[in-house]
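Since the structure comes first, as structure tokens, the remarks are kept for the end.
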Amino acid sequence: MLDSEHAHLLPAYHHNVLQLMVVSPTTLYAYWEISERTITAVTRHYNTDWASMPRIIRLYENDGPLASISHDATKYTDHSVGDAASWYFHQLTPARSYTADFGTYNIYHQFVPLLRGNIVRTPRNRTATIEQGHPQSEHTLAQHPAMNQGATLENTSPYHEFSTYSVYHAKEGVHT
Amino acid sequence: MNLNAQGYLSLILHAHLPYVRHADRDDYMEERWFFEAMTETYLPLLLMFDRLHDDHVPFRLTLSLSPPLLAMMEDSLMIERYEAYLLQLIQLSEHEQVRNQSRPELAALAAMYTQRWTELLDYYQACGRQIIAKFRYYQDAGCIDIMTCSATHAFLPFLKHEVSIKAQLMVGVFEYERHFGRRPRGIWLPECAYTTELSPLLQAAGLQYFVIDSHGIEYAAPKPSRGLAAPVMTAHGIHAFARDPESSRQVWSSHEGYPGDPDYREYYRDIGYDLGWGDTEEWEYIKPYVLSNGARIHTGVKYYRISENEQEKQPYNPEWARHKATQHADHFLYCREQQIKNYQAHCDRKPLIVSPYDAELFGHWWYEGPLWIEALFRNPRNQQGTFAFITPEDYLREYPVSEQVDIPFCSWGRNGYAEVWLGQENDWIYRLLHQAEDRLLHTMQHHSTNLWGHTAVAERILNQSIRELMLAQSSDWAFIMDAKTVPTYAAARTEHHLKQCHELIDMMEHRFYDLESLERMENHASCLTSVHYELYTSSLSSPPPMLLPDAYREDARSTWRHRKVLMLAWEFPPLVVGGLAKAVFDLSRYLVDQRIEVHVITRSVQGSPAYERMNGIHIHRVNVLQSTTPIDFMDWVFQLNLAMTDYAVLLMESGHRFDFIHAHDWLVHYTAKDLKDYARTPLIATIHATEHGRNHGMIEHDVQRRIHQMENDLTAIADQVIVCSNAMVSEVQSLFTLPPSKVSMIPNGVEIASFVQSSSEHHHANHRLQYAAPHEKILFYIGRLVYEKGIQILIEALPRIHSSVPNAKLIIAGTGPMKSELEALTDRLGLTSYVTFTGFIHDDTRNELLQLADVCVFPSLYEPFGIVALEAMQSGTPVVVSDTGGLAEIIDHGVDGYKALPGHIESLAWHVTEVLLHPEIAENMAVNALRKVEQRYDWKSIAVSTKQVYEGVIMR
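Sequence order for the protein chains is R and X. So the first sequence is residues 0 to 175, counted in numbering that gives the first Met the number 0. So the second sequence is residues 0 to 955, counted in numbering that gives the first Met the number 0.
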């Protein structure tokens, strides 16, 4: 059944939603809804039409809890989803926490999150052992210092070069 | 209970049908599921109970009855139609006896059916058609235990909100209570679908046990020591009984299971399908008994047994079948005895084997099923003491505590998880179901605090909307779509109930109550009478205060409304990077004093709440989605605006109506534009500084260009632009081509008497020693360390100042991108021992230093305002500033301070030296400066001016 057939059931809400659901220990399902307002904002900011922008789902994974993406997500995978409004993620790992961002890439191929989903956990699919040791976390992301916001009031800007109103470039000399 | 038993067996029958009552028509094929199940399963079960009871044969089994099934059992329309169904069946069987006169075997079977169905009809009528009461009787008599099920057999892990799960559970509890006169102890989780989230909810509902599939125990952590021989407990003490795979296989399996035996009745040979092909007379005969549109159905008249040979079906022989059932029952019990013996060796308790099945398997799919069950209880092995039939409740009485483990997500569906209910055929339903859930919750939240109160009709509407949603949530629909049996029907049911739910919510939102529609819906979904909207509202926390618009607050009975402004500021205390945060904060709190309701939307700050009220201001802090990988600055600004816009829209949708939006600087431009478009609210923009000005008139880089453009756009879409100095007025008018009428000049302010002259001279003197010796003069700068502030000029001026005032010390407070460069400059000039970089300082330290200093210097190259100069003036310290921008407007040269040529080292050095060498002149200027601040720059009058600008905009 195509979603468009049920359009009449969707009240005019214009809300963003990204929902993850567990199908099995190794499969997740996600559906999303990007509001017109968000699409307009994105196309305006990037000056590109929506169809030409990369539509990416970044799926984050962690052994334990996933309360904070920047701290807990030990690995992620990017999926280019195009015009799709839902997706199945296969060959995942049992007994892991997952969440996802819907976003795009800027011209530097940096990922810009636009919408974040809920956190789910895939179930175990084998017998528990007595005491499982700490598994090696795969490619722990180097914490970008700029991302650690809110350390002290002094360092409240996420960007060293940014000071209140504008971006200052490194080359500052004394102009006359 | 046979206490001498070595082990226990628990037979559990889960009886459930989706709600297939259709009030409008009587020719739905799906409705027949109910009639068939009644005829082939539920009534035969009751008849079996009666027979065992009469024969004094003890029996103990567990039966779950789902609320939709119970609703149909008690419904007068369904009762009426069922009786008609039975009568029609009896009639058909009588006709069959006649039609099959020449075939005695078939005629005998037809007679068997006549006799059977007549017996059922008599029984049904004899108990007043109230069969629920019969089940209750057997529970009260201690022969069976009845479990409940969730309201509409929803796949609970797939409900979006916890409160929805809770509602499904509680309605299951209440319906049960209504029928059986007590609280249920056990619940059949739909499809045995369990997740850890359910545990506390089951506890809150007062439930004590549920059933899961075997891998739920097998994969539990820690590994349960008794394996499948005993239940386990969740963290909340709820017991989980796991299905035994072996006993399950023997009954369920299509290859090796009992029901496939050749002597048993063949399900797929029914006269409803077999007759009338190529024979008009035969077709006319059977036609009244199939669907009105001619579609074939199962009538229930089946003459053949499964037979050894698929091609040649033999006539059914009831005696052989009955005999086989008895044999199979014996085999089953024998196997269980062996199993128990095996378990016993390793188990510290009497092992328990749990055998749950869909009730409808017995009688409907497997015609002889009820006979098999009866044979189980009549079998002499029951008296031998190896095993005893018990119920889970019995077991819990003997073993009230079991191992506590964490049970992973599991179900008894194909492959053990959720693929049956979430796949290509049915995944589309969940976004719709969740959306309805969201909407329903939103409505409940809204109306739970609604002062208008509820009329009885409004309550009925709310209740019915819940009912419709619950019916849409039945897991049966997704199951049917996966099985592809009647997927069109299932999809139609899902859509239909969702549509009704939305219609009802629409009624609530528009306050237009269509009674006729409501009544029609109530008649069609006349089930779940225990549903009450309090199920949703009582467990919901009331909406967060920030989402509560004025109209709904308890004390808002007055008709006079405040003006309401939405401030957009990228920084706000405690996040203070530059002057903007403080300016917006001060403006806001003084506007509050002017009886304006102020809401500020700003960025989230670690350690600060997402919502708070500070000095009467409503502060909303939004989260910007942090990526784990780096991101370009302008994209970050974009993300910030997305978050702010979404939040603002949420506020407005909750009922907040703002009279205007006040945006501060280009950083919030996107949001300002979007909100103006969305809400058509007047927009005021304050430009605190421009990119052009900051860069000395040069816009070179891409980023600078973009910022300049955004400033341009912001001033263009704003209805009024506010700047803080006349210099800025000229600047924005020319830069952005704004007509003079569009620009208002309102200076920034300081709070009068925010300064407390700190304690004693003595204290002062002591503190001063931290920075300089008593004879050494102190120069003080505070502000961001950026190019346009001109600190580098001041550092370069210091050697010249030293030639007249040796050992003068310079304290530089603040932080910024230029810090290292300034430090390097200091070093290069050999001034390291004379210059202190304090970094960021708190307000107290700042105020102290402002007072301690002998002169405060603000050598800006570009300064839209220069609020820090006001603060210095207010602290009674003489100031030397650049003759530029707002600073030039604040200071009268020689009267209340000195103005040096911007960027001019000698000029700056000369004026600072003058102040330091002539303390009486300095003192005089400081006194004048203080008076000026008090008279012209107090926030109160500035707030009044701002308010006037607001009013001016509204009037247009």
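Using N, Cα and C, we set each Cβ at its ideal position, and we do this for glycine too.
{"Asked": "Chain X contact residues for tyrosine 97 of chain R, given Cβ-Cβ distances below 8 angstroms", "Found": "In chain order: nothing, as chain X lies at least about 13 angstroms away."}
{"Asked": "Completely contained beta strand (DSSP E) runs for the region 777-819 of chain X, where each covers 3 or more residues", "Found": "777-781, 808-812"}
{"Asked": "is_contact[tryptophan 49 of chain R, chain X] using C-beta, thresh 9 angstroms", "Found": "no"}
{"Asked": "Three-state secondary structure assigned by DSSP to glutamine 5 of chain X", "Found": "coil"}
{"Asked": "Residue-level contact to chain R via CB, arginine 510 of chain X, 9 angstroms cutoff", "Found": "no"}
{"Asked": "Stretch-stretch touch, CB-based, cutoff 8 angstroms, three pairs: the region 50-60 of chain R with the region 391-409 of chain X", "Found": "no"}
{"Asked": "Glutamine 343 of chain X to leucine 19 of chain R span [Cα, whole Å]", "Found": "44 angstroms"}
{"Asked": "Reference arginine 466 of chain X; option with closest CA among X:Ala203, X:His445, X:Ile504, X:Phe48", "Found": "X:Ile504"}
{"Asked": "Phenylalanine 657 of chain X versus aspartate 634 of chain X - alpha carbon distance", "Found": "28 angstroms"}
{"Asked": "Own chain partners of aspartate 712 of chain X with C-beta closer than 8 angstroms, once the 5 adjacent residues on each side are dropped", "Found": "His668, Lys672"}
{"Asked": "Other residues of its chain near threonine 25 of chain R: CB distance less than 8 angstroms, five sequence neighbours each side excluded", "Found": "His89, Gln90, Leu91, Thr92, Pro93, Thr121, Asn124"}
{"Asked": "Beta strand (DSSP E) segment containing leucine 586 of chain X, residue limits", "Found": "No beta strand (DSSP E) holds leucine 586 of chain X; the alpha helix (DSSP H) holding it covers 578-592."}
{"Asked": "Beta-bridge partners of histidine 598 of chain X, as assigned by DSSP", "Found": "X:Leu565, X:His617"}
{"Asked": "CB contact below 9 angstroms: proline 608 of chain X versus chain R", "Found": "no"}
{"Asked": "Chain X within 9 angstroms of glycine 63 of chain R, Cβ atoms only", "Found": "no"}
{"Asked": "Bridge partners - proline 314 of chain X, DSSP secondary structure assignment", "Found": "X:Tyr303"}
{"Asked": "Chain-order list of residues whose beta-carbon lies under 7 angstroms from that of threonine 113 of chain X (same chain, five-residue window excluded)", "Found": "Ile89, Ser92, Glu93, Gln96"}
{"Asked": "Isoleucine 428 of chain X, buried or exposed, once every other Cβ within 10 Å from all chains shown has been counted against 16", "Found": "buried"}
{"Asked": "Lysine 931 of chain X: first and last residue of the uninterrupted alpha helix (DSSP H) it sits in", "Found": "918-935"}
{"Asked": "Test: arginine 513 of chain X CB closer than 9 angstroms to a CB of chain R", "Found": "In the sequence under discussion, the amino acid at residue 513 of chain X is aspartate, which differs from the arginine named in the question. Answer no: the Cβ-Cβ gap between aspartate 513 of chain X and chain R never drops below 9 angstroms."}
{"Asked": "Residues near leucine 590 of chain X by beta carbon distance below 8 angstroms, same chain, minus five either side", "Found": "Val564, Val597, Ala942, Thr945, Lys946"}
{"Asked": "Test: glycine 81 of chain R CB closer than 9 angstroms to a CB of chain X", "Found": "no"}
{"Asked": "Histidine 774 of chain X versus X:Leu737, X:Gly893, X:Pro805, X:His762, residue with shortest Cα-Cα distance", "Found": "X:Pro805"}
{"Asked": "Buried versus exposed, by CB contacts within 10 Å (16 or more), glutamine 100 of chain X", "Found": "exposed"}
{"Asked": "Per DSSP, cross-strand counterpart(s) of phenylalanine 376 of chain X", "Found": "DSSP output for phenylalanine 376 of chain X lists no bridge partner at all."}
{"Asked": "Where the alpha helix (DSSP H) containing methionine 744 of chain X begins and where it ends", "Found": "Taken as a continuous stretch (DSSP letters only), methionine 744 of chain X belongs to no alpha helix (DSSP H), being part of the beta strand (DSSP E) at 742-744."}
{"Asked": "Sheet register partners of phenylalanine 632 of chain X (DSSP bridge)", "Found": "Per DSSP, none; premise fails for phenylalanine 632 of chain X."}
{"Asked": "Enclosing beta strand (DSSP E) for asparagine 61 of chain R [first to last residue]", "Found": "55-61"}
{"Asked": "Nearest-angstrom Cα separation, counted from histidine 707 of chain X out to proline 608 of chain X", "Found": "33 angstroms"}
{"Asked": "Chain R residues whose Cβ lies nearer than 8 angstroms to that of cysteine 409 of chain X", "Found": "Pro122"}
{"Asked": "Which of helix, strand or coil DSSP assigns to cysteine 126 of chain X", "Found": "coil"}
{"Asked": "C-beta atoms of histidine 956 of chain X and leucine 470 of chain X nearer than 9 angstroms", "Found": "Within the shown structure, residues of chain X are numbered from 0 to 955, placing residue 956 of chain X beyond reach of any answer."}
{"Asked": "Backbone CA spacing between isoleucine 372 of chain X and alanine 457 of chain X [nearest angstrom]", "Found": "49 angstroms"}
{"Asked": "Stretch-stretch touch, CB-based, cutoff 8 angstroms, three pairs: the region 784-795 of chain X with the region 853-873 of chain X", "Found": "yes"}
{"Asked": "Cutoff 9 angstroms: leucine 197 of chain X Cβ touching any chain R Cβ", "Found": "no"}
{"Asked": "Boundaries of the alpha helix (DSSP H) in which serine 733 of chain X is found, first to last residue", "Found": "725-734"}
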